[in-house]
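In this text, residue positions in the sequence shown follow the working numbering: the first is -5, and each later residue adds one. Where a beta carbon is used, it is the ideal one built from N, C-alpha and C, also for glycine.
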Amino acid sequence: AALGRIATRMQEIDGGATAVAAAVEEQSAATGEISQNVASASDGARLVVSVLDEVSGAATETRESAENVLTASQAVEAAAAELRREVTRLKDLEAIRRLIFDFAYAIDRADFETAAAMYEHGTFAISGRVLGGRDELLRFLADTVQTYEDGTPKTPHATGNVVGDVDPSRAAARRRSTA
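Next up, the structure:
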């Protein structure tokens, strides 16, 4: 009987040892699986960091490109504004030249009304005298330009050497005219 109990006890111990061995084996397998999962997660994290580095680099390049485009567009805008100012100035100078030639042509036809109307908002200087506005110029022309029986001065004006200046507040020109 004692041997039987020892044998039963040995079987119980053997069963327990087998169960422990199985549990250790299961634990070892679980640890291996966890180790693989940790390694896989680590690889995934490295991949995410690598992708984020690429995204960050691309964002930096995009920002730098945008800054370059902005700088270039500001330079183009400034150049366009300067070009507009210069074109406006040239148009103003051409308008002044046209005014001078049209004025001489009106005087040659004795059309003093048209000639004086050209200076409605300006001044006209002649021989050191400055005439302001249409009415004063009209009186001056009527008083000083000699006309003949046909109503014309018979003295055509040859106008040359027109020099003009334009700034934002005023425009001025001088010319030499021979009648």
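>> Taking only three categories from DSSP, how would you classify R103?
In response: Position 109 of the sequence shown, counted from the start, is the residue given in the question as residue 103. Under the three-state reduction of DSSP, R103 is assigned to coil, being neither helix nor strand.
>> Just to confirm before moving on: does the CB-CB distance between P147 and V156 stay below 8 Å?
In response: For the purposes of this step, residue 147 is identified with residue 153 of the sequence shown, where counting begins at 1. For the purposes of this step, residue 156 is identified with residue 162 of the sequence shown, where counting begins at 1. For P147 and V156, no; Cβs fall outside 8 Å.
>> Is S29 close to chain D? Criterion is C-beta to C-beta, closer than 8 Å.
In response: Here chain D cannot be found, since the structure has a single protein chain.
> What separation, rounded to the nearest whole angstrom, lies between the Cα atoms of G175 and E58?
Replying inline: Shown here, the chain extends from -5 to 173; a query on residue 175 therefore has no answer.
>> Using a 10 Å radius around the Cβ and a threshold of 16 neighbouring Cβ atoms, would you call R90 buried or exposed?
In response: If you number the sequence shown from 1, residue 90 lands on position 96. Per the sequence shown, residue 90 should be read as Ile rather than Arg. Per the 10 Å Cβ criterion, buried.
> Buried or exposed: Y113, going by 16 or more other Cβ atoms within 10 Å of its Cβ?
Replying inline: Looking up residue 113 in the sequence shown gives position 119. With 16 or more other Cβ atoms within 10 Å, it is buried.
> With distances taken between CB atoms, is the gap from F97 to A109 smaller than 8 Å?
Replying inline: Numbered from its first residue, the sequence shown carries residue 97 at position 103. Numbered from its first residue, the sequence shown carries residue 109 at position 115. The answer is yes: Cβ separation under 8 Å.
>> Going by DSSP in three states, D96 sits in which element: helix, strand or coil?
In response: The sequence position of residue 96 within the sequence shown is 102, counting from 1. DSSP places D96 in helix when its eight states are reduced to three.
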